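S.K.:
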Amino acid sequence: MNDETILILGIILLGVGAIIGALTYHLIVYRFSNKIEKQLDKSIKNYENFVLEKATNTIDRFESITNEVTNISNNIKKEQKSIYQSTCSISEDIDTFFRELKSSQEMRVSLENEIIKLKNIINRKNKQNKEK
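Take 1093 as the starting number for the sequence shown in the working numbering and just add one per residue.
(1) Do you know offhand how far Leu-1099's Cα is from Asp-1133's?
(2) Alpha carbon to alpha carbon, how far is Gly-1109 from His-1118? Give it in angstroms, no decimals.
(3) Would you kindly work out how many angstroms separate the C-alpha atoms of Ile-1136 and Ala-1147, rounded to a whole number?
(4) Alpha carbon to alpha carbon, what distance is there between Lys-1127 and Phe-1154?
(5) For Phe-1142, which residues of its own chain have a beta-carbon under 6 angstroms away from its beta-carbon, when the five flanking residues on both sides are left out?
(6) From the DSSP output, in three-state form, read off Asn-1149 for me.
(7) Once DSSP output is grouped into helix, strand and coil, what is the label at Asn-1167?
(8) Alpha carbon to alpha carbon, what distance is there between Leu-1106 and Glu-1096?
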């Protein structure tokens, strides 16, 4: 073998080695990037599911609290209405009481006046009877 053949054989081996090295490098990088991409996709899916679950739980809890607050508000409205009706009833009862009281006072004054008139009449009659 002469020097030219060894040189050509060396160049061919260098080219074949470079091609095999490049193929090996691309194969390793491709597999590695696929694994990383799959793991990243899996992590993203897990995080997405976690966030969705937390959001659903938060929405459910918010709806529960909203329902509780609505129930409390409705109960407060009922109590306020009941208090208002009771207050109106008490007010009407007090008005009736004062009207009756005023009426009875007027009646008492009227009766006192009548009694005084009757006493005066009796006194006059008694005077007339004494004079006779």
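Note that the Cβ used here is the ideal one computed from N, Cα and C, for glycine as well.
Nothing here was measured: the structure is a model prediction, and the numbers come from that model.
M.R.: On the basis of the data shown:
(1) 50 angstroms
(2) For His-1118 and Gly-1109, the gap between their C-alpha atoms comes out near 14 angstroms.
(3) 16 angstroms
(4) Distance between the alpha carbons of Phe-1154 and Lys-1127: 40 angstroms.
(5) none
(6) Asn-1149: helix per DSSP, three-state reduction.
(7) helix
(8) 15 angstroms
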